[in-house]
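In our numbering, the protein residues as written are 3 to 210. No residue lacks a Cβ here, since even glycine has one placed at the ideal position from N, Cα and C.
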Ligand code: GRF
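The structure is reproduced here in C-alpha cells:
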C-alpha cells in the first residue's frame, strides 16, 4: 500500500463504527484525518481524541441554516485533505452544497436492508413490521434519505428478536466489518458504477 486514503468520519453518538474504523483501516489503508460530530460531548468524539484524531462539532443550532452548516463542515474537511467522507451514525442530512464538494465520495452505514426501512429508526420500524430477516447496508450518499447506490449488503435471520437491543446486537458485528471493508474497497479504487446502470456498484476483484 503506497498512500493511505485521507478520510473523515461524521458521527452523532456512541461511535462504535468509528471505533471499528480506528481499529482496522486507520493507519493501514486509510488515515482518519478528521472526526466531525453534529452533537457536542458524545462518546464518539472521545474515541477520536483518544487516538489523536482532530475533532470538531458542527451543531445544526450553531448555524442559521443547514446549507451554511454544510459549507462550514465541507470547508473544514477540505482543509484537512479529506478524499472520502464516512457517515457512521451521523444523524443529519447533508445537502447538495456538501455532496457537490465530495462527488461520489460520501458513504453511509444503515442498519436495514435498503430500500426497506430508510430513515432515523430503521430497527424499530422493522420490528413493528414483523420482519424475520434484518440486515445492514453500506451505500453511497445522495441528497435523498438513505437512497444512494448500494455498495455492500448483508442479512441476518433473527426470527425471534423481541426488541431493538437484540436486533442491534445481531447487526453490530456486520456493521463493524462491512464499513471498514467498504473503506478498503474505496481506497483501492475497486468500486465502479455500471455505466448502463449507475445504481449498480460493481466491485473489482483484488489482486493477489
Ligand atoms: C449504527 O447502527 C449505524 O448503522 C446507524 O447509526 C448507528 C451508529 O452507531 N447509522 P455507532 O454510533 O457507530 O455506535
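- With 16 or more other Cβ atoms from the protein chains shown falling within 10 Å of its own Cβ, residue 140 counts as buried.
- Taken from the Cβ of residue 141, every heavy atom of the ligand GRF lies 7 Å or farther away.
- Where residue 70 is concerned, the enclosing alpha helix (DSSP H) starts and stops at 68–81.
- With respect to residue 46, residue 13 sits close: the two C-beta atoms are nearer than 8 Å.
- Looking at the backbone, the Cα of residue 106 and that of residue 147 are separated by about 16 Å.
- The straight-line gap separating the alpha-carbon atoms of residue 16 and residue 91 is approximately 8 Å.
- Pairwise C-beta distances place the segment 97–106 in contact with the segment 60–78, as three or more of them are shorter than 8 Å.
- From the listed residues 199, 180, 206, 198, the smallest Cα separation to residue 192 is found for 206.
- In this structure residue 152 is in contact with residue 203, their Cβ atoms being roughly 6 Å apart against a cut-off of 8 Å.
- Judged by their CB atoms, residue 39 and residue 59 are nearer to each other than the 8 Å cut-off.
- Considering only 78, 69, 61, the residue with the shortest C-alpha distance to residue 145 is 69.
- Residue 187 sits away from residue 156, with the two beta carbons spaced by 8 Å or more.
- Using a cutoff of 7 Å, the CB of residue 161 does not count as near the ligand GRF, since none of the ligand's heavy atoms is closer than that.
- Assigned with DSSP and collapsed to three states, residue 96 falls in coil, not helix or strand.
- According to the DSSP assignment, residue 32 belongs to no alpha helix (DSSP H) but to the beta strand (DSSP E) extending over 32–39.
- Residue 50 and residue 83 have their C-alpha atoms spaced approximately 18 Å apart.
- Contact annotation: residue 11 and residue 44 have beta-carbon atoms that are not nearer than 8 Å.
- In the structure shown, the three-state DSSP call for residue 188 is helix.
- DSSP, reduced to helix, strand and coil, places residue 116 outside both helices and strands of the structure shown, so it counts as coil.
- For residue 200, the enclosing beta strand (DSSP E) stretches over residues 199–205.
- Shown here for residue 128: same chain residues with a beta carbon closer than 8 Å to its own, the five before and five after excluded, namely 114, 118, 119, 136, 169 in chain order.
- A direct Cα-to-Cα measurement between residue 89 and residue 66 gives close to 23 Å.
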